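Chemist:
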Amino acid sequence: MIYVPAGDFLFGNADDEDRVNLFMTTPLFRRSTGAYLIARTEVTFGDWLAYVEAQPAGARAALLPQIVGQMTGSVAVYPDGKGHWRIELVIGDRHYAAGWNEPIRYEGRTTHAEQDWRRFPVLGIPAGAATAYAAWLDTTGRLAGARLCNEREWERAARGADDRPYPGGRRIAPDEANFDQSHLGHAGPDEVGAHPASRSPFGLDDTFGSSFEWTIGEVLKKQPTDSPSYLVRGGSYQHDRKSGNLTNRASMTGKERDASVGFRLCATPPLPR
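Numbering-wise, the sequence shown is residues 1478 to 1750 according to the numbering used here.
#1: Is V1676 helix, strand or coil when you go by DSSP?
#2: In the DSSP output, what is G1686 paired with across the bridge?
#3: Which word fits Y1707, buried or exposed, when buried means at least 16 other C-beta atoms lie within 10 angstroms of its C-beta?
#4: Assuming contact is defined by CB atoms lying nearer than 8 Å, are L1625 and T1730 in contact in what I supplied?
#5: Is it the case that the Cβ atoms of E1668 and D1593 are separated by a distance below 8 Å?
#6: Along the chain, where does the alpha helix (DSSP H) that runs through W1613 open and close?
#7: Exposed or buried, which one is T1588 when buried takes at least 16 other CB atoms within 10 Å?
#8: Taking the alpha-carbon positions, what's the V1481 to Q1543 distance?
#9: Which residues in the same chain have their Cβ closer than 8 Å to the Cβ of P1504, if we skip the five residues on either side of it in sequence?
#10: Can you tell me the Cα-Cα spacing of E1630 and T1510, whole angstroms?
#11: Taking the straight line between their C-alpha atoms, what separation do you get for G1560 and R1710?
#12: Drop a sphere of 10 angstroms on the beta-carbon of L1487, count the other beta-carbons inside from all chains shown, and report buried for 16 or more, exposed for fewer.
#13: Give me the DSSP bridge partner(s) of E1565.
#14: If you pair each beta-carbon of the region 1626 to 1645 with each one of the region 1557 to 1574, do three or more pairs fall below 8 Å?
#15: Over what stretch of residues does the beta strand (DSSP E) that includes R1710 continue unbroken?
#16: What separation, rounded to the nearest whole angstrom, lies between the Cα atoms of A1611 and L1742?
#17: Counting pairs of Cβ atoms below 8 Å between the region 1512 to 1531 and the region 1648 to 1664, do you hit three or more?
#18: Just to confirm my understanding: we take L1541, look at its own chain, exclude 5 residues before and 5 after, and list those with CB closer than 6 Å. What are they?
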């Protein structure tokens, strides 16, 4: 986890044309956050499956990524009959499958051609289940105070204090991240941390591209019992630069599953005694 001290930053986008072309981008203005911790990488399939294995046998199936036939592809994880797990991915017209100790091989790629899928960002997890995972980490002592990030925390850690649209500045090249121009004709997830050239000012990996990430939106509740609003941020390996612009925001419900959406965690640091 990376510590981010309390401070101010620029939130939103100053470019009127950008705001028209993006989903829910706000005008640029100064915001602040308290101190918090944020994960360097997204939660991986390996992380998630350790959580699944810790649950009662009857509860595991509902927690597995099982998405078929979406525009963003298909992802399915299921028991291999040998006490481990197997994954199947369908991306466009390409099908990939691998067992627990087997890599995904992207034939035709010139870089990142062989990947450990257990280190892919976990995909297809709804925000409600991601919240339950964070609570499990907290209650079991694996990560005290674990929770989903709110959108202020995510954007500040992804872009730093200035108004940059990408983690490294004003531009991003295809070989610096995993988005639709990175592996032309051979799109697919890469291992977390595989693109250090797009590391954020605070040291986060993969805030641009890789997978969209769940965040908690800042929508005022009319009633204390109202459900939180969720926004996905950062683009994915299938989406273009505009989608991954760090100011871009897209709304989803907490029950939705999508083969291009994952998450990373935040935590509240211990208060001094």
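All C-beta atoms, glycine included, are put in the ideal place defined by N, C-alpha and C.
Owing to the predicted nature of the structure, the values given are computational and were not obtained by experimental measurement.
Modeler: The structure says:
#1: Position 199 of the sequence shown, counting from 1, holds the residue named residue 1676. Before going on, a small fix: residue 1676 reads as Arg here, not Val. R1676: coil per DSSP, three-state reduction.
#2: Locating residue 1686 in the sequence shown gives position 209, counting from the first residue. When DSSP reads this structure, G1686 sits in a beta bridge with N1655.
#3: Counting from 1 along the sequence shown, the entry for residue 1707 is found at position 230. Looking at its Cβ environment, which holds 16 or more other Cβ atoms inside 10 Å, Y1707 is buried.
#4: As a working note, residue 1625 is residue 148 in the sequence shown. As a working note, residue 1730 is residue 253 in the sequence shown. No, Cβ-Cβ distance for L1625 and T1730 is not below 8 Å.
#5: For the purposes of this step, residue 1668 is taken as residue 191 along the sequence shown, with counting starting at 1. For the purposes of this step, residue 1593 is taken as residue 116 along the sequence shown, with counting starting at 1. Their beta carbons are under 8 Å apart, which means E1668 touches D1593 by this criterion.
#6: For the purposes of this step, residue 1613 is taken as the residue at position 136 of the sequence shown. Per DSSP, W1613 belongs to the alpha helix (DSSP H) from 1604 to 1616.
#7: On the sequence shown, position 111 is the one that residue 1588 refers to. It counts as exposed.
#8: One-based indexing of the sequence shown puts residue 1481 at position 4. One-based indexing of the sequence shown puts residue 1543 at position 66. Taking C-alpha positions only, V1481 is separated from Q1543 by approximately 34 Å.
#9: On the sequence shown, residue 1504 is found 27 positions in, with the first residue counted as 1. The residues are G1489, N1490, A1491, R1496.
#10: On the sequence shown, position 153 is the one that residue 1630 refers to. On the sequence shown, position 33 is the one that residue 1510 refers to. Straight-line spacing of the CA atoms in E1630 and T1510 works out to 7 Å.
#11: For the purposes of this step, residue 1560 is identified with residue 83 of the sequence shown, where counting begins at 1. For the purposes of this step, residue 1710 is identified with residue 233 of the sequence shown, where counting begins at 1. Distance between the alpha carbons of G1560 and R1710: 35 Å.
#12: If you number the sequence shown from 1, residue 1487 lands on position 10. L1487 counts as buried, since at least 16 other C-beta atoms from the protein chains shown sit within 10 angstroms of its C-beta.
#13: Translated into positions along the sequence shown, residue 1565 becomes position 88. BP columns for E1565 point to A1553, A1574.
#14: The region 1626 to 1645 vs the region 1557 to 1574: no contact.
#15: By one-based count along the sequence shown, residue 1710 stands at place 233. In the DSSP assignment, R1710 falls within the unbroken beta strand (DSSP E) covering 1707 to 1710.
#16: Your numbering for residue 1611 matches position 134 in the sequence shown. Your numbering for residue 1742 matches position 265 in the sequence shown. Cα to Cα, the separation comes out at about 7 Å.
#17: No, the region 1512 to 1531 does not touch the region 1648 to 1664.
#18: For the purposes of this step, residue 1541 is identified with residue 64 of the sequence shown, where counting begins at 1. Same-chain partners within the cutoff: V1554.
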